[in-house]
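Residue numbers (the working numbering): 1 to 393.
Step one of this worksheet: look at the structure below.
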Ligand SMILES: [Fe+2]
């Protein structure tokens, strides 16, 4: 095996995603071990031809591994953090194969953020906009809503400098930071973004939870105005939508856009089992879906906090759906009986994500987290949806 050189040609995660999404005929060589490869893959919006050869196979028999690869196709090599893949790239290049390293590997893929503007007709949103920030590797969605020179950030990931830079790019200052709930799959950037920007932070933990973050006193039905002195305003309305967690809230932006957090996704609903109260939280979720969300206009656009796979990303690159369409497509929304809904939630029980209890404690403000620990806890895709269930007739 060659030593990795600083000059190893590489490709950034964002470029790789763009090329994969465009259907370019890349060959992805994943050199992580079997367990890592089975647990979490690099996904484009179109299938990526992938070869899996663990790094240790290259160490044992590099010529044998090289023989398994085509000689004249561009190969991009991926590992957990970009180190062992760089060494494989150098070995392949010495053998004459056109290989490049995926800079930062799966860790960088899991943290990469891509903003996409939610299409809203100009007549409806003459001077405000919603940006959906897609954390592709984890399937997490956060939002930046701008009106005039003010912005609200909802469900930010922990790379808070990204949101600061993005707000600057939009010519806005961050005036509020909101979380839809106490997340269990990723560390919230909300408290840090609030501290750094001076903007108040809101999250509702719900009964039985000790929240040590300083939060603004807001609640169900409260309306916030965004836009300030410019005279251009959009209304943000807080809607309590308990179930996934007891304190879960959704945020209605303008007349018909609803940031639903983990209450309702475009193919499923948020799992109500992560607090160990699947029956109680399941009942709350049933009432939220049947009563609170059902009372919204059919043209309400659902903008969730997660997606399970790239097939949920629409042709306009946004993960969204009108409520009317979801009534037919999300099986959980078609269950009209509370007991049947709770039974379905119980049947969908699955193991919780690895570090979920630690992540919840950190998001409540009960423990501080070092960056390295945070990276380790956040590895892998979110598992926030109730397991997809067969259609209910
Ligand atoms: Fe969640």
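Note that beta-carbon positions come from the ideal geometry of N, C-alpha and C, so glycine has one too.
Between which residues of its own chain and residue i is the CB-CB distance below 6 Å, once the five residues before and five after are set aside?
i: residue 246; result: 206 and 207
i: residue 20; result: 44 and 48
i: residue 378; result: 186
i: residue 9; result: 100
i: residue 300; result: 256, 258 and 323
i: residue 287; result: none
i: residue 131; result: 115, 117 and 144
i: residue 133; result: 113, 115 and 142
i: residue 81; result: 105 and 107
Closest by CA to residue i, which one among the options?
i: residue 26; options: 141, 357, 64 and 72; result: 72
i: residue 167; options: 179, 197 and 253; result: 197
i: residue 84; options: 178, 103, 98 and 212; result: 103
i: residue 58; options: 76, 46 and 92; result: 92
i: residue 289; options: 325, 243 and 328; result: 243
i: residue 175; options: 148, 261 and 39; result: 148
i: residue 327; options: 282, 268, 70 and 280; result: 268
i: residue 98; options: 201, 106 and 88; result: 88
i: residue 94; options: 348, 125, 62 and 78; result: 62
i: residue 330; options: 339, 152, 37 and 270; result: 270
i: residue 171; options: 156, 227 and 364; result: 227
i: residue 129; options: 77, 180, 236 and 70; result: 236
i: residue 22; options: 280, 33, 370 and 46; result: 46
Suppose the cutoff is 7 Å on Cβ atoms and the five residues either side in sequence are ignored; what does the same chain contact list for residue i look like?
i: residue 53; result: 29, 31, 65 and 68
i: residue 265; result: 304, 306, 307 and 385
i: residue 352; result: 274
i: residue 434; result: It is not possible to answer for residue 434, since the shown part of the chain is limited to 1 through 393.
Would you kindly report the start and end of the unbroken alpha helix (DSSP H) that includes residue i?
i: residue 363; result: 356-364
i: residue 375; result: 371-378
i: residue 40; result: No alpha helix (DSSP H) contains residue 40, which DSSP labels as neither H nor E.
i: residue 57; result: 55-60
i: residue 111; result: 105-111
i: residue 164; result: 160-169
i: residue 154; result: Counting along the chain, residue 154 falls outside any alpha helix (DSSP H), though it belongs to the beta strand (DSSP E) covering 150-154.
i: residue 346; result: 338-347
Which term fits residue i, buried or exposed, when burial requires 16 or more other beta carbons within 10 angstroms of its beta carbon?
i: residue 111; result: buried
i: residue 390; result: The pLDDT assigned to residue 390 is 41, lower than 50, so where the model puts this residue is not dependable, and the model offers no usable value.
i: residue 350; result: exposed
i: residue 332; result: buried
i: residue 96; result: exposed
i: residue 357; result: exposed
i: residue 158; result: buried
i: residue 212; result: exposed
i: residue 295; result: exposed
i: residue 121; result: exposed
i: residue 169; result: exposed
i: residue 367; result: exposed
i: residue 199; result: buried
i: residue 214; result: exposed
Looking only at its own chain, which residues have a Cβ that is under 8 Å from the Cβ of residue i, when we skip the five neighbours before and after it?
i: residue 136; result: 17, 43, 109, 112, 114 and 310
i: residue 119; result: 316 and 318
i: residue 239; result: 220, 221, 249, 250, 251, 252, 258 and 292
i: residue 481; result: Nothing about residue 481 can be read from this structure; the chain reaches only from 1 to 393.
i: residue 225; result: 233, 234, 235 and 236
Can you give me the start and stop residues for the beta strand (DSSP E) that residue i sits inside?
i: residue 79; result: No beta strand (DSSP E) holds residue 79; DSSP gives it neither H nor E.
i: residue 397; result: Residue numbering for the chain in the displayed model covers 1 to 393; residue 397 lies beyond these limits and cannot be assessed.
i: residue 100; result: 99-102
i: residue 215; result: No beta strand (DSSP E) contains residue 215, which DSSP labels as neither H nor E.
i: residue 287; result: Run containing residue 287: none in the beta strand (DSSP E); it sits in the alpha helix (DSSP H), 278-287.
i: residue 259; result: 257-261
i: residue 177; result: 173-178
i: residue 21; result: Run containing residue 21: none in the beta strand (DSSP E); it sits in the alpha helix (DSSP H), 13-21.
i: residue 250; result: 249-253
i: residue 331; result: From DSSP, residue 331 is part of no beta strand (DSSP E); its letter is neither H nor E.
i: residue 28; result: 27-30
i: residue 223; result: 223-226
i: residue 192; result: Not the beta strand (DSSP E): residue 192 falls in the alpha helix (DSSP H), residues 190-197.
i: residue 238; result: 234-240
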